[in-house]
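This note's numbering puts the first residue of the sequence shown at 2, with every later residue one more than the last. Just so you know, even glycine gets a beta-carbon here, dropped at the ideal spot from N, CA and C. Note that the structure is a prediction, hence the values are computed from the model and not measured. These notes concern the structure reproduced below.
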Amino acid sequence: GSSRTLWGWIGLGIRVYLLGPLIGVGIAYVAIRLMVALRKRDLVRRDYESLYSIGVAFVAFAAAHLAGGSGFLAAFAAGLTIALMDEELCDCFLEYGKTTAEMAMLTTFVFLGPELVEAAVDSLSWRTLLFALIVLLVARPVAFLLVLSRSGASWPGRLMLAWFGPRGLNT
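Below you can see the structure in the form of structure tokens.
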């Protein structure tokens with residue numbers, strides 16, 4: 002390995018911990034100003050603004066990496082700058098994130114579901130069936146009802162949450 006001098010370590014620290022974040026903040030600032038100008042002229046649809054945020058993070062990462070700084074810290078600083086300076090753009094990205102999470106969950110069900118069902122059928126016994134019934138019909142609903150006991154929700158609402166869960170999917 003190579004040995005560094007004190008000034009070499011200081012230079013590395015400056016490039017990693019200062020240069021990357023400064024580049025990220027600078028790119029995000031310019032990107033926000035551009036987005037404000039685009040919004041004023043109605044040149045961008047709201048659903049595309051979330052993709053714009055992702056693009057800003059990628060540009061910040063690449064620019065910092067090319068300059069010898071930390072791409073990860075630059076992307077983080079760009080995201081933080083967007084969150085602090087442009088609430089509307091931040092909200093668009095959060096909406097996109099929720100939609101993407103739902104699509105990933107659906108994709109997981111579609112691709113892994115048949116394999117999981119096949120594996121479950123292969124290992125099915127009276128013990129596993131009894132365990133599944135106890136968990137689904139007793140343990141999970143009782144746990145949810147206990148947690149929801151002080152929630153102020155109506156009794157039918159608590160029962161619905163206890164059966165379907167917080168995401169609306171029964172196991």
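Classification of residue i by the beta-carbon crowding that lies within 10 angstroms, buried from 16 upward
| i | result |
| --- | --- |
| GLY114 | exposed |
| GLY2 | Unreliable positioning characterises GLY2 in this predicted model, as indicated by a pLDDT of 47, which lies under 50. A coordinate reading is not provided. |
| VAL136 | exposed |
| SER54 | buried |
| GLY80 | buried |
| GLY72 | buried |
Where residue i sits in the DSSP three-state scheme
| i | result |
| --- | --- |
| GLY153 | coil |
| PRO167 | coil |
| LEU162 | helix |
| LEU138 | helix |
| SER126 | coil |
| GLY12 | helix |
| ALA68 | coil |
| ASP87 | coil |
| ARG40 | helix |
| THR6 | coil |
| ARG46 | coil |
Cutoff 8 angstroms: residue i Cβ touching any chain D Cβ
| i | result |
| --- | --- |
| ARG16 | Given the protein chain composition of this structure (a single chain), no chain D is represented. |
CB of residue i within 8 angstroms of CB of residue j, strictly
| i | j | result |
| --- | --- | --- |
| PHE145 | LEU162 | yes |
| ALA32 | VAL57 | yes |
| VAL26 | ALA84 | no |
| GLY70 | GLY9 | no |
| THR82 | ALA38 | no |
| MET36 | ASP87 | yes |
| ILE24 | ALA61 | yes |
Integer Cβ distance of residue i from residue j, believed to fall under 8 angstroms
| i | j | result |
| --- | --- | --- |
| GLU50 | LEU90 | 6 angstroms |
| LEU149 | ARG159 | 5 angstroms |
Check: Is the region 121 to 133 close to the region 141 to 152, with three or more CB pairs under 8 angstroms?
Finding: In short, these stretches do not touch, since the Cβ pair count stays below three.
Check: Three or more C-beta pairs closer than 8 angstroms, one from the region 97 to 117 and one from the region 62 to 72: is that the case here?
Finding: No, because fewer than three Cβ pairs between the region 97 to 117 and the region 62 to 72 fall closer than 8 angstroms, the two stretches do not touch.
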